[in-house]
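In this note's numbering, the protein residues as written are -9 to 469.
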Amino acid sequence: MTSPILHLANTNVIDPTQVDPPRDLYIQDGKIIAPPADNQPTQTIDLTGHTILPGGIDMHTHLVTPAMAALRTLQEHVIPDIVCNQLIGTPTWLRDQYLKLGITTAIDAAIMPGDAPAAKLGLRELEPLNTGFLLLLSHHADLLAMINAGHMVAASQLAIKLFHNAGAMGIKLVNPGSMQTMDGPAVDVLDIDQTVQDMQATPRQVLTFFLDISDKLNLAHPVHIHLPQLGTPDSSPTTCQWLDAMSGRRAHIAHLQYHCYTYDEDWYLRSDVERVLKHLHANPQITADVGLTSFGPAYGMTADLALHDRLVELFGDEVGPTLRFQWEGRTSFGLQPLDRDPANLGYAMQWATGLELILLVDNLNQLSLSIDYPNGGAIASYPQLIRCLMDKSYRDAILDQAHPAATQATQLKRITRQLSFDEILQLTRISPAHALGLKNKGNLHVGSDADWVIYPDSILKTGDFSQSPTRVMINGQFL
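Written out as structure tokens, the structure is:
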């Protein structure tokens, strides 16, 4: 028996990957199909006055980590109400937040091997949202011990076994080459060729090991790397050093905004976006998600304990309690509530630098939109950040209310570029699908997954993604 065919007629199909998108779409078995020559559609829906877009993709978020579980457990007792109300909720609440924004795919960026079974169960609670996760391997004690001892064959076998057992999409590294333990202060990586603490292998050797493992596994999504020196005033030299070290190798850099800072001659903090972009442009095989930030409540959640220690030193418990966990003896993570006040120099700089990074890049194919939820703020902040990218007067008005350093130490005020609607689709659909190796998502080609969102045609003029889609389809099913 032939499967039913759904026909969406008289719609405005927006897909920048196609020169001449069709006016009508046909869906069968969860896929877009060519117009049938013989079979009549089972159902036709007239979508006159409506626009169809591919479903959005959030390629770097945190959904079901032990840290999120800890926050959900603690939220009724120790976390400020403003944080709970805007940031932390049940998995179904989180799913609904994404669907209201037209996002149909979300990827958890850091799951430890021992937590993979629980993560897969947790992700089911977000259905029908498309989900997946990256496997955090950079802190695995047994794996690092083998690398340190030079037992590379055994290390490779263990890494591949861990990956296959987990069922992950890709490999995640956090500050690779550092020692992230609960015992004593964490130490950050300062030079890619200098060992850290008790490590005998250099960060470059650890990085190369995992790049090779990714190649052996033939992963569609390359190694996903949280670089050292996140958020420090001298992070850009380290960032450029690592980008150069990966010359000719496929890789993905997480939340790049936090790695684009330097000092000026008077030791004042400055954005160093142009320098970092020069090295990114020289490596077109490397992609990155941006890590934009919004003003308001956020939650620092990280397996980078050197970063967590810096956050604790800066903010202590002024917003809420700071927490630090060890998970199954394999890795550790820290939690730090944040209040991203625009009057704060650091927060203002991060907001401005993230926008500057996107507006100055030559090749949008290399960048994907992300906020590293909940680190950069609430999922609901995406529409405002998109408006900042599309409307100079709007972003300038916000910039004028922020700490003066955001104007003086970035180029944001001088940038006149305003992204087009198609460029926003590039950042939120096409680029993340490409970076993740999801060929059947982020576009409306024949053979692609029927994941899309329907808006009134007015969205093409307003670019207002704060309005919920009229309808959402995932895997060929209307929700």
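From the three backbone atoms N, C-alpha and C, an ideal C-beta is built for every residue, glycine too. No experiment lies behind these values; they were computed from the predicted model shown.
Count the other CB atoms within 10 Å of the CB of residue i; is the residue buried (16 or more) or exposed (fewer)?
i                 : result
phenylalanine 468 : exposed
aspartate 279     : buried
arginine 13       : exposed
glycine 238       : exposed
glycine 290       : buried
alanine 57        : buried
serine 383        : exposed
alanine 516       : For residue 516 there is no data in the structure shown, the boundaries of the chain being -9 and 469.
glutamate 264     : exposed
tyrosine 253      : exposed
valine 3          : buried
glutamate 117     : exposed
aspartate 105     : buried
leucine 450       : exposed
threonine 418     : buried
valine 9          : exposed
proline 26        : exposed
glycine 366       : buried
methionine 172    : Note that methionine 172 scores a pLDDT of 42, beneath 50, so its modelled location is shaky and nothing firm can be said.
leucine 111       : exposed
alanine 368       : buried
Between residue i and residue j, how many whole angstroms is the CB-CB distance? I'm expecting something under 8 Å.
i              : j                 : result
alanine 338    : alanine 392       : 4 Å
asparagine 465 : aspartate 447     : That belief does not hold up - the Cβ atoms of asparagine 465 and aspartate 447 are roughly 25 Å apart, past 8 Å.
isoleucine 414 : methionine 463    : Contact flag wrong, Cβ pair sits at about 20 Å.
proline 166    : valine 186        : The pair is not a contact, with the Cβ atoms about 10 Å apart (cut-off 8 Å).
leucine 163    : serine 128        : 4 Å
glutamine 416  : glutamate 346     : Glutamine 416 to glutamate 346, Cβ: 18 Å. No contact.
glutamine 340  : threonine 283     : 5 Å
serine 360     : glycine 453       : With a Cβ gap of about 19 Å, serine 360 and glycine 453 do not count as contacting.
isoleucine 150 : phenylalanine 123 : Actually they do not touch by this definition, with Cβ atoms about 17 Å apart.
histidine 130  : proline 103       : 7 Å
serine 438     : lysine 21         : 7 Å
histidine 121  : tyrosine 445      : A small correction: the amino acid at residue 121 is threonine; histidine does not occupy that position in the sequence shown. The Cβ separation is near 23 Å, so there is no contact.
aspartate 205  : threonine 192     : Contact flag wrong, Cβ pair sits at about 20 Å.
Under the DSSP definition of a beta bridge, which residues are partnered with residue i?
i             : result
glutamine 18  : Lys21
glycine 160   : Leu124
leucine 43    : Val443
leucine 53    : Looking at the DSSP assignment, leucine 53 forms no beta bridge with any residue, so it has no partner.
leucine 197   : Paired residue(s): none; leucine 197 is not in a bridge.
valine 3      : Ile42
valine 462    : Val443
alanine 241   : Ile276
serine 261    : Tyr251
glutamine 326 : Gly290
Alpha carbons only, please: which of the options is nearest the one belonging to residue i?
i              : options                        : result
asparagine 0   : Pro6, Lys21, Thr34             : Thr34
aspartate 28   : Asp10, Gly45, Ile(-5), Met49   : Ile(-5)
leucine 148    : Phe199, Thr192, Pro118         : Phe199
glutamate 255  : His271, Ala399, Ala235         : Ala399
proline 274    : Ala342, Asp352, Ile348, Ala244 : Asp352
proline 287    : Lys90, Ile78, Thr63            : Ile78
threonine 397  : Ile449, Asp412, Thr343         : Thr343
leucine 91     : Lys403, His435, Gly437, Ala370 : Ala370
leucine 209    : Pro193, Arg194, Arg240, Thr229 : Arg240
valine 443     : Ala144, Thr(-8), Leu(-2)       : Leu(-2)
aspartate 202  : Ile182, Val143, Phe411         : Val143
alanine 96     : Gly437, Leu113, Ile215, Asp183 : Leu113
lysine 268     : Leu409, Cys230, Thr277, Ala293 : Cys230
leucine 350    : Asp362, Arg404, Arg330, Asp386 : Arg404
glycine 427    : Pro327, Thr277, Leu354, Gln374 : Thr277
asparagine 334 : Leu111, Pro394, Asp262, Met49  : Pro394
aspartate 36   : Asp362, Met49, Ser226, Tyr16   : Tyr16
arginine 407   : Ile388, Cys378, Leu89, Gln374  : Cys378
tyrosine 88    : Leu325, Pro332, Val54, Leu119  : Leu119
aspartate 224  : Ser261, Asp188, Met236         : Ser261
serine 459     : Ala235, Leu354, Ile376, Thr94  : The sequence given here places proline at residue 459; serine does not occur at that position. It is Thr94.
arginine 194   : Leu207, Met236, Met49          : Met236
Residue i and residue j: beta carbons closer than 8 Å?
i              : j                 : result
proline 218    : histidine 242     : no
tyrosine 372   : phenylalanine 285 : no
isoleucine 47  : proline 422       : yes
glycine 432    : proline 44        : yes
alanine 158    : leucine 125       : yes
alanine 24     : valine 436        : yes
serine 168     : aspartate 181     : no
histidine 245  : valine 266        : no
threonine 222  : tyrosine 258      : no
isoleucine 161 : histidine 214     : yes
leucine 270    : glutamine 356     : yes
isoleucine 348 : proline 6         : no
alanine 60     : leucine 325       : yes
I want to check one thing, is the minimum distance from the CB of residue i to the heavy atoms of the ligand NAD below 7 Å?
i            : result
threonine 51 : Looking for the ligand NAD in the displayed structure turns up nothing, as the structure carries no ligands at all.
Looking at chain C, is there any beta carbon in it that lies within less than 8 Å of the beta carbon of residue i?
i             : result
aspartate 224 : In the structure shown, chain C does not exist; there is a single protein chain.
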